[in-house]
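Enquirer:
Protein chains: 2
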Amino acid sequence: MLNNVNYVDRRITKSKNALKEALLVLLLEENIDHITITDIVNEAYLNRGTFYKNYQSKEEILDEVLEDVTADLTKAFRAPYQDQQRLAVKSLKASTVTIFDHVAKYSTFYTLIFKKNRYPEFQHTISETLKSLHLQDFSNISFNAKINREFLACYRAYATFGVLKEWVHDGFKYSAGYMADQLVEILCSSQGGDIYRVVI
Amino acid sequence: MLNNVNYVDRRITKSKNALKEALLVLLLEENIDHITITDIVNEAYLNRGTFYKNYQSKEEILDEVLEDVTADLTKAFRAPYQDQQRLAVKSLKASTVTIFDHVAKYSTFYTLIFKKNRYPEFQHTISETLKSLHLQDFSNISFNAKINREFLACYRAYATFGVLKEWVHDGFKYSAGYMADQLVEILCSSQGGDIYRVVI
DNA sequence: ACTATTCTGTCTACTATTGAACAATTCTTA
DNA sequence: TAAGAATTGTTCAATAGTAGACAGAATAGT
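Those sequence lines, one after another, are chains C and X.
For the first sequence, this note's numbering assigns the number 1 to the initial residue and increments by one for each residue that follows.
For the second sequence, this note's numbering assigns the number 1 to the initial residue and increments by one for each residue that follows.
1. Looking at the strands, I want to know which residues DSSP matches up with I195 of chain C.
2. Does the region 137–145 of chain C come within contact of the region 19–29 of chain X, defined as at least 3 CB pairs closer than 8 Å?
3. Drop a sphere of 10 angstroms on the beta-carbon of Y196 of chain X, count the other beta-carbons inside from all chains shown, and report buried for 16 or more, exposed for fewer.
4. Kindly list the residues whose CB is nearer than 8 Å to the CB of I12 of chain C, restricted to its own chain and excluding five residues on each side of it in sequence; keep chain order.
5. Does any C-beta atom of chain X lie closer than 8 Å to the C-beta of N3 of chain C?
6. Taking 8 Å as the CB-CB cut-off, is K263 of chain X touching chain C?
7. So what does F138 of chain X bridge to, in DSSP terms?
8. Looking only at its own chain, which residues have a Cβ that is under 7 Å from the Cβ of R156 of chain C, when we skip the five neighbours before and after it?
9. What are the boundary residues of the alpha helix (DSSP H) that V65 of chain X is part of?
10. Whole angstroms are fine: how far does the CA of V69 of chain C sit from the CA of F109 of chain C?
11. Quick check on DSSP: helix, strand or coil for D101 of chain C?
12. Taking the C-alpha atoms as reference points, what is the distance between A244 of chain X and R86 of chain X?
13. Report yes or no: is there a C-beta of chain C within less than 8 Å of the C-beta of R118 of chain X?
14. Is the Cβ-Cβ distance between Q186 of chain C and R78 of chain C less than 8 Å?
15. Is there contact here, the region 96–104 of chain X with the region 171–182 of chain X, by at least three beta-carbon pairs under 8 Å?
16. Given A76 of chain X, which residues of its chain have a CB within under 8 Å of its CB, disregarding the five upstream and five downstream residues?
17. Residues in the same chain with beta-carbon distance under 8 Å from V89 of chain X, minus the five sequence neighbours each way, listed in chain order, please.
18. Buried or exposed for N3 of chain C, going by 16 or more other Cβ atoms inside 10 Å?
19. Kindly indicate which three-state DSSP category S175 of chain X falls into: helix, strand or coil?
20. At a CB-CB cut-off below 7 Å, which residues of chain X make contact with Y110 of chain C?
21. Measure the CB-CB distance between R48 of chain C and T36 of chain C and report whether it falls below 8 Å.
22. With DSSP run on the structure shown, which of helix, strand or coil describes F143 of chain X?
23. Give every residue of the same chain whose Cβ lies closer than 7 Å to the Cβ of F161 of chain X, excluding the five residues on either side of it in the sequence, and list them in chain order.
24. Report all residues from its chain with a CB closer than 7 Å to the CB of V163 of chain X; omit the five preceding and five following residues, and keep chain order.
25. Which first and last residues belong to the alpha helix (DSSP H) in which K53 of chain C is found?
26. DSSP three-state call for E166 of chain X: helix, strand or coil?
27. Which residues in chain X sit within 9 Å of Y45 of chain C, going by Cβ to Cβ distance?
28. Pick helix, strand or coil for E29 of chain X, following the three-state DSSP scheme.
29. In this structure, how does DSSP classify V204 of chain X when only helix, strand and coil are distinguished?
30. Would you kindly work out how many angstroms separate the C-alpha atoms of Y145 of chain C and K93 of chain C, rounded to a whole number?
31. Would you say F114 of chain X and V168 of chain X are within 8 Å of each other, going by their C-beta atoms?
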């Protein structure tokens, strides 16, 4: 009767999350090669058998973390213009900017890659994701025909990336809400008149 | 073979902790009477059956939280003189002061009682615990015969209590480490010459 | 007062996680 | 290189947690 499952059992979700967070915490201190499966399950407060039922290797966990992060980053970035046809920078509300909440949610991951400078390829994935979002979602990103839209998307993506990175690097010195306020101010002062056509 | 258990299954620990934290989070927003069992298990991301397997009522959870907090508070308070016969205030190391880490660990609970001013009787339990610790652990707390040791213990307990409360009330504005530094400075300046006989 | 809705407490069949044990393998380090 | 220790990957029976269903109680809305 319960043979055909189209839901994910909460136990699986929780065990996997615990294993992911545990590995990230351990990675803050040492290289992945020096981390044993036993270390991970101890940190995750799980039986070793549970690791093997959910994953084949340590690396598989990391892959899934990156999937989680990019998916959630995308969702957070899009939050201000979710279900909108247009995005007027001038009337952007800071409360709809959730990208800093996203970073806080994955603080261990971002601390690992931004502060400890581990897995530089992950940094690249983050910035590439931001660039793609600018490029794909804002069809008319460049109003000036002389400006290559690829370059503009790159410019804007790295600008945001830098703010996120500095925030993490300084140990989340300010609240996510304050950071959102600041970002909105910056966007308004530089692109206040822009209205982007949204294409999700 | 597994009939006689002298350990606590990790699943029980985790489920109970999730239910405790969930109830506290919900209590930040509304009165316990308006919180349903369904609310709690949703917040805890657990099946309702799990609630009933571990607890009889919402109130039972709260009782257990208070037990947890007082036990951990006691352990944290004693950390600086654990396994010592004497405690010389002058040579007290801030790194051994873990009472602020304890409060951070139970931040939801302390925010509830200190910031939201819910369950004033719990505040009393905390201050009473601190008073008992001074009184029981420091056999020679009062060096001046004219000073009633009960009153002195009360005075010192509430002093600490106040610092904890203010810290929570201001939303954990400073780090636990900084707070420990400050407390040690205050203790040194006022009781720097004291050496307490420890009786645990 | 009546009704629709939510919440409760309990139940069932199923399954993910559990502690423990084990031989095989890999690391230490002497 | 040899011996000792730690880690691995797998197994087992036991059990806590799972989704879902249910009837009855409490609650809200009209």
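Even for Gly, the Cβ is constructed at its ideal location relative to N, Cα and C.
Expert: Reading from the atomic positions:
1. Sequence index remark: in the first sequence, residue 195 of chain C carries index 195 (1-based). Answer by DSSP bridge pairing, in chain order: C:A88.
2. Judged by pairs of C-beta atoms under 8 Å, the region 137–145 of chain C does not touch the region 19–29 of chain X, as fewer than three such pairs exist.
3. Residue mapping note: residue 196 of chain X aligns to position 196 of the second sequence, counting from 1. Its Cβ being crowded by 16 or more others within 10 Å, Y196 of chain X is buried.
4. Here the question's residue 12 of chain C lines up with position 12 in the first sequence. Contacts found: N54.
5. Along the first sequence, read from residue 1 onward, the residue named residue 3 of chain C stands at position 3. The pLDDT assigned to N3 of chain C is 43, lower than 50, so where the model puts this residue is not dependable, and the model offers no usable value.
6. The displayed coordinates of chain X run from 1 to 200. Any statement about residue 263 of chain X would go beyond what the structure contains.
7. As a working mapping, residue 138 of chain X is identified with position 138 in the second sequence. In DSSP, F138 of chain X forms a bridge with X:V198.
8. The sequence position of residue 156 of chain C within the first sequence is 156, counting from 1. Close CB contacts of R156 of chain C within its chain, under the 7 Å cut and outside five residues either way in sequence, are with H134 (chain order).
9. Within the second sequence, the letter at position 65 stands for residue 65 of chain X. DSSP places V65 of chain X inside the alpha helix (DSSP H), whose first and last residues are K58 to R78.
10. Translated into the one-based positions of the first sequence, residue 109 of chain C becomes position 109. Translated into the one-based positions of the first sequence, residue 69 of chain C becomes position 69. As the crow flies, the alpha-carbon of F109 of chain C is around 9 Å from that of V69 of chain C.
11. Looking up residue 101 of chain C in the first sequence gives position 101. Here D101 of chain C sits in helix by DSSP.
12. Residue 244 of chain X falls outside the range modelled here, since chain X spans only 1 to 200, and no answer is possible.
13. Numbered from 1 along the second sequence, position 118 holds the residue referred to as residue 118 of chain X. Not an interface residue.
14. By one-based count along the first sequence, residue 186 of chain C stands at place 186. By one-based count along the first sequence, residue 78 of chain C stands at place 78. Sequence inspection shows Ile at residue 186 of chain C; the Gln mentioned does not correspond to that position. Result no, Cβ atoms of I186 of chain C and R78 of chain C do not sit closer than 8 Å.
15. These segments touch.
16. Here residue 76 of chain X is taken as the residue at index 76 of the second sequence, counted from 1. Close CB contacts of A76 of chain X within its chain, under the 8 Å cut and outside five residues either way in sequence, are with T98, I99, D101 and H102 (chain order).
17. In the second sequence, counting from the first residue as 1, residue 89 of chain X sits at position 89. Close CB contacts of V89 of chain X within its chain, under the 8 Å cut and outside five residues either way in sequence, are with L187, C188, Q191, G192, G193, D194, I195 and Y196 (chain order).
18. Along the first sequence, read from residue 1 onward, the residue named residue 3 of chain C stands at position 3. Per-residue confidence for N3 of chain C stands at a pLDDT of 43, beneath the threshold of 50, marking its modelled position as unreliable; no derived number is given.
19. Taking the first residue of the second sequence as 1, we reach residue 175 of chain X at position 175. In the structure shown, S175 of chain X sits in coil (DSSP, three-state: anything other than H, G, I, E or B).
20. Here residue 110 of chain C is taken as the residue at index 110 of the first sequence, counted from 1. Neighbours of Y110 of chain C on chain X: none; closest Cβ ~19 Å, over 7 Å.
21. Residue numbering aside, residue 48 of chain C sits at position 48 when the first sequence is read from its first letter. Residue numbering aside, residue 36 of chain C sits at position 36 when the first sequence is read from its first letter. Contact: no.
22. For the purposes of this step, residue 143 of chain X is taken as the residue at position 143 of the second sequence. In this structure, DSSP gives F143 of chain X a state outside helix and strand, which the three-state scheme calls coil.
23. If you number the second sequence from 1, residue 161 of chain X lands on position 161. Contacts found: I126, S127 and L130.
24. Within the second sequence, the letter at position 163 stands for residue 163 of chain X. For V163 of chain X, where only same-chain residues beyond five positions count, the Cβ hits under 7 Å are L183.
25. Counting from 1 along the first sequence, the entry for residue 53 of chain C is found at position 53. Taken as a continuous stretch (DSSP letters only), the alpha helix (DSSP H) holding K53 of chain C covers R48 to N54.
26. As a working mapping, residue 166 of chain X is identified with position 166 in the second sequence. The DSSP-derived three-state label of E166 of chain X is helix.
27. On the first sequence, residue 45 of chain C is found 45 positions in, with the first residue counted as 1. By Cβ distance, chain X contributes R10, T13 and K14.
28. Your numbering for residue 29 of chain X matches position 29 in the second sequence. Here E29 of chain X sits in coil by DSSP.
29. Any property of residue 204 of chain X remains undetermined from this structure, which presents chain X solely from 1 to 200.
30. Counting from 1 along the first sequence, the entry for residue 145 of chain C is found at position 145. Counting from 1 along the first sequence, the entry for residue 93 of chain C is found at position 93. Going by the sequence as given, residue 145 of chain C is Ala instead of Tyr. Using only the alpha carbons, I get a separation of about 29 Å.
31. For this step, residue 114 of chain X is matched to residue 114 along the second sequence. For this step, residue 168 of chain X is matched to residue 168 along the second sequence. For F114 of chain X and V168 of chain X, yes; Cβs fall inside 8 Å.
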